[in-house]
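All remarks here apply to the structure that follows.
Protein chains: 2
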Amino acid sequence: MCQLLGMNCNVPTDICFSFEGFRARGGRTGLHSDGWGIAFFEDQGCRLFLDDKASAESAIAELVRDYPIRSLNVIAHIRKATHGHVALQNTHPFQRELWGRYWVFAHNGELKDFSPTDKGRFRSVGNTDSEAAFCHILNTLQQQYPQQQPTPVELLKSLRTISNGIARHGMFNFLLSNGELLFAYCATDLNYVLRKAPFCTAHLIDEDVSVDFNELTTPDDRVALIATLPLTDNENWAKMARGELLAFHHGRVLARG
Amino acid sequence: MCQLLGMNCNVPTDICFSFEGFRARGGRTGLHSDGWGIAFFEDQGCRLFLDDKASAESAIAELVRDYPIRSLNVIAHIRKATHGHVALQNTHPFQRELWGRYWVFAHNGELKDFSPTDKGRFRSVGNTDSEAAFCHILNTLQQQYPQQQPTPVELLKSLRTISNGIARHGMFNFLLSNGELLFAYCATDLNYVLRKAPFCTAHLIDEDVSVDFNELTTPDDRVALIATLPLTDNENWAKMARGELLAFHHGRVLARG
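As you go down the protein sequences, you meet chains F and G in turn.
Sequential numbering of the first sequence, starting at 11, is according to my numbering.
Sequential numbering of the second sequence, starting at 11, is according to my numbering.
Encoded structure:
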């Protein structure tokens, strides 16, 4: 299995603190050592770092921890291989372009007997169930809305139907973003926390590190953090329900599907 | 204008030496300081580093210089903005998926009155002439070969026709790779060198750095290096002809179009 981390904000924010705890699970405090990846949206662009090494030992992960990339939407993933061998093409997040925007996807879980017969434009490069699911989502969306992106509410409705269909094949927790919205679908384990004023000092579970967000934020800042398991031990993490789909925008829950 | 660097090999090779000279042109020995990017293919996967800072001063460029990523196909680009503002979405190389493979593209030059009216599947995310050209190439290839990738010779033939058409709009030097083949199209400036045994000691033009390839290679290694301007001052760089299209494979020129 794998672990997911997502961030959605109203002002460009760095993920250094949360990433420090998360990456420790990739080979040090956790067993997810078959690669990792992180995608940062900046404006319409996307910076995607992928590595087939354990995140706890990766030079690229050190760069990401030390180099504050500020972003409104981030998706990260550490991998314990189930489907597909350890290789760069099987490393999450996956990225494609649809409607003139980049879309990024990462999955936690395992699908069985999932072989979509899409003849669509999006095809897998690697051989994971996860990338096949991502391509199926995009192919279906593109067939439903060939010309342009629908409204967030229409998108949420379509995504819920597609996701429920895929989830019949096994465990299907995922994060998906187009740089504007961040969607989180929970099959078993996804938790989130909404950080806003008054900010607190947060303490990581996986490392003995604290940060006082009062020193780093302004009163209007809002940050939603979504993770397979809570990353801090002194904040109010909410556990998502099974089958729940949330759309985050500007650090708030915009809609529930 | 911009500068291009490509590498195509028969064994996974790091580009640290060449990249050291190339990145100096991004703000130190050259004026191409509006961002840079580099794509490394590893098996079917692709690692793409993008930065909208000058390569000479970029923390990510330092990582790439110091961290030997071994690859059969590499494309790098340093940018002097002409079309499109300085932003991550306008930073080359651009990446898309076609026929279940990643394709990576970088352009040197400037196109005028180039507004393809494609209704195809590939759309620009940013607003450069370069990304529009890349999408036009992929849309045309996909329309000509909807199901699967044609042979390298068919691909070369199609690419030549498409490229000649785009080149009517201005200066159009580009590098394009699917991780297996590397295509180089020359409008004005592209040079290449084929490194093979017996290897020499090469000396960079932009930095006073030499490397003895005898110490790093085996007698069967072959490396093709393609660049806007030669990177070393003691090797036999060949200048490509105007309108010439080359397909490199395993460090050799596979075909000329």
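All C-beta atoms, glycine included, are put in the ideal place defined by N, C-alpha and C.
Remember, it's a predicted structure, so these values are computed and weren't measured experimentally.
query	result
Residue interval of the beta strand (DSSP E) (run including V135(F))	That residue, V135(F), is in no beta strand (DSSP E); it is neither H nor E in DSSP.
Assigned secondary structure, D24(G) (DSSP; H/G/I helix, E/B strand, else coil)	coil
For R106(G), three-class secondary structure by DSSP	strand
Members of the segment 96–108 of chain G near chain F, C-beta cut-off 8 Å	A97, L98, Q99, N100, T101, Q105, R106 and E107
Cβ-Cβ distance between Y202(G) and A234(G) below 8 Å	yes
Length of the line joining the Cα atoms of R252(F) and N174(F)	11 Å
Rounded C-alpha distance that separates T211(F) from G16(F)	20 Å
Environment of S43(G) [buried if 16+ CB atoms lie within 10 Å]	buried
Pairwise C-alpha distance: F27(F) and R307(F)	Residue numbering for chain F in the displayed model covers 11 to 267; residue 307(F) lies beyond these limits and cannot be assessed.
Proximity test, Cβ basis, 8 Å: V135(G) and chain F	yes
Within 9 Å of chain G by C-beta, residues of the segment 108–126 of chain F in sequence order	L108, W109, G110, R111 and Y112
Interface positions of the segment 54–69 of chain G facing chain F (Cβ-Cβ less than 9 Å), listed along the chain	Q54, G55, C56, R57, L58, F59, L60, D61, D62 and A69
Residues that I85(G) bridges to, as DSSP identifies them	G16(G) and A49(G)
Cβ neighbour criterion (16 or more within 10 Å) applied to Q54(G)	buried
Buried or exposed (CB count within 10 angstroms, at least 16 for buried), V219(G)	exposed
Inter-residue Cα distance where the pair is N118(F) and M181(F)	7 Å
Where the beta strand (DSSP E) containing N10(F) begins and where it ends	This structure leaves residue 10(F) out entirely; chain F is present only between 11 and 267.
Backbone secondary structure at N149(F) - three-state DSSP	helix
Neighbouring residues, chain F, relative to Y77(G) (Cβ below 8 Å)	A69 and I70
Residue closest to G189(G), alpha-carbon to alpha-carbon, out of R178(G), K167(G), P162(G) and A207(G)	P162(G)
Buried/exposed call for D62(G), threshold 16 Cβ in 10 Å	buried
Residue from H213(G), P22(G) and F50(G) with nearest C-alpha to N246(G)	H213(G)
Listed by chain order, chain F residues near L73(G) by CB distance under 8 Å	A69, I70 and L73
T177(G): first and last residue of the uninterrupted alpha helix (DSSP H) it sits in	A quick correction: the sequence has Ala, not Thr, at residue 177(G). From DSSP, the alpha helix (DSSP H) with A177(G) extends over P162 to A177.
Option nearest C19(G) by Cα separation, candidates D216(G), D243(G) and L204(G)	L204(G)
Three-pair Cβ contact test at 8 Å for the segment 146–159 of chain F versus the segment 219–229 of chain F	no
Beta carbon proximity, R252(F) to chain G, threshold 8 Å	no
Bounding residues of the alpha helix (DSSP H) (the contiguous stretch that carries E72(G))	A69 to D76
8 Å Cβ cutoff met for A112(F) and A69(G)	In the sequence on display, residue 112(F) carries Tyr and not Ala. It is not a contact, given that the beta carbons lie outside the stated cut-off.
Contact under 8 Å by Cβ, F193(F) with L241(F)	no
Enclosing beta strand (DSSP E) for G189(F) [first to last residue]	Note, G189(F): premise wrong, no beta strand (DSSP E); not H, not E.
Sequence-distant residues of the same chain with beta carbon closer than 7 Å to A97(F), five excluded per side	D62 and G136
Spatial distance of I79(F) from A49(F) (CA atoms)	10 Å
C-alpha distance - N83(F) paired with R266(G), whole-angstrom precision	44 Å
Neighbourhood of T198(G) by C-beta, 8 Å cutoff - its chain only, sequence neighbours within 5 removed	G119, M181, N183 and R252
Spatial distance of N224(F) from S187(F) (CA atoms)	28 Å
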